[in-house]
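Chains as they are written, first to last, in our numbering: chain A, 1 to 144; chain B, 1001 to 1144. Just so it is clear, CB atoms sit at the ideal spot from N, CA and C, and this is done for glycine as well. Below is one structure; the comments refer to it alone.
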């Protein structure tokens, strides 16, 4: 299949708040007042977790259909821990991003455990966002 | 510093659309009609790029302040390429996530090139979202 290219264009509104356009959608990204932001939107690290949850919903339904699993509903809870030291400009031995991301999937289904285990195993391998988290992804930063 | 835990809770509305809550914010994640979605929100892989852009805006301003750079404005363009084959259930040698993510930063500033090069070099090291992309991040999936 041909590669697809996705884009996001952000404009800073203030040091913590940006408005990001992806196609015809706009997202407001900010920080809570406790972090010095204006709390007009979720934080970047929350957008990252949301991306993962949204991706697992889509892949979860696609794989379920392939396995003959009927999903009456699906909830996905995602959480991650990070040490904000380096982000805040302090020296730290710990990485600045999430040290681990935990996902709990709650499918509403009558499928048996063996089928659900097979379903779960397929999700990581198929979901683009989980792939970008689990494995190294080259990032190229440049100035315009 | 103590670790911080962030959470996102997603409920599926249909096979492609989910509503994600992070704190008191809601995000709609969907796919365009061309991908079989209802186009009520941006795609998960677009949320991932937005998270990166929003993170670089915040870290960009923090590092600029530390370096004495006055930012009158900042635009951040992010793009990434992926092959949707594996995501769509086809076999593929290529990874399912972004193969590369490119970021172009457009700071409106009078700072000299050497200072801007120093600024750019700090961004990758400090931004949690770029850290989670560049380096491996453990992901734990479980069924509730």
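Under the three-state reduction of DSSP, residue 1044 of chain B is assigned to helix. Contact annotation for residue 1116 of chain B against chain A: 143 [CB-CB distance below 8 Å, chain order].
For residue 115 of chain A, the enclosing alpha helix (DSSP H) begins and ends at 113-126. Taking a Cβ-Cβ cut-off of 7 Å, the neighbours of residue 1054 of chain B in chain A comprise 10, 18, 20, 29, 44 and 47, given in sequence order.
Neighbours of residue 1097 of chain B in chain A, taken as residues at a C-beta separation under 7 Å, are given in chain order as 128, 129, 131, 132 and 137.
A Cβ-Cβ distance of about 19 Å is found for the pair residue 1129 of chain B and residue 1010 of chain B, leaving them out of contact under the 8 Å criterion. A straight line joining the alpha-carbon of residue 107 of chain A with that of residue 119 of chain A spans about 11 Å. Below the 9 Å Cβ cutoff, chain A contributes 8, 9, 10, 11, 12, 18 and 20 as neighbours of residue 1076 of chain B, in chain order. When secondary structure is reduced to three states using DSSP, residue 57 of chain A falls in the helix class. Taking 8 Å as the threshold, the shortest C-beta distance from residue 1140 of chain B to chain A falls below it. In this structure, residue 1140 of chain B lies away from residue 59 of chain A, with their beta-carbon atoms at least 8 Å apart.
With respect to chain A, the C-beta atom of residue 1111 of chain B has no partner C-beta closer than 8 Å. Beta bridge pairing from DSSP links residue 20 of chain A with A:10 and A:27.
The Cβ of residue 58 of chain A sits closer than 8 Å to at least one Cβ of chain B.
For residue 67 of chain A, none of the residues of chain B pass the 9 Å Cβ criterion, the least Cβ distance being about 11 Å. Classified as buried, residue 1048 of chain B has 16 or more neighbouring CB atoms from the shown chains inside 10 Å of its CB. Contact between the segment 12-21 of chain A and the segment 1073-1081 of chain B is present: 3 or more CB-CB pairs across the two stretches fall below 8 Å. The beta-carbon of residue 70 of chain A is placed no less than 8 Å from the nearest beta-carbon of chain B.
Considered as a whole, the segment 67-112 of chain A harbours 73-82 and 100-108 as its complete beta strand (DSSP E) runs of no fewer than 3 residues, in chain order.
Here residue 1043 of chain B is not near residue 1 of chain A, since their CB atoms are 8 Å or more apart.
DSSP places residue 35 of chain A in the helix class (H, G or I) of the three-state scheme. Distance from the Cα of residue 1111 of chain B is smallest, within the candidate group B:1055, B:1135, B:1065 and B:1057, for B:1065. Burial state of residue 34 of chain A is exposed, judged by a 10 Å Cβ sphere holding fewer than 16 other Cβ atoms.
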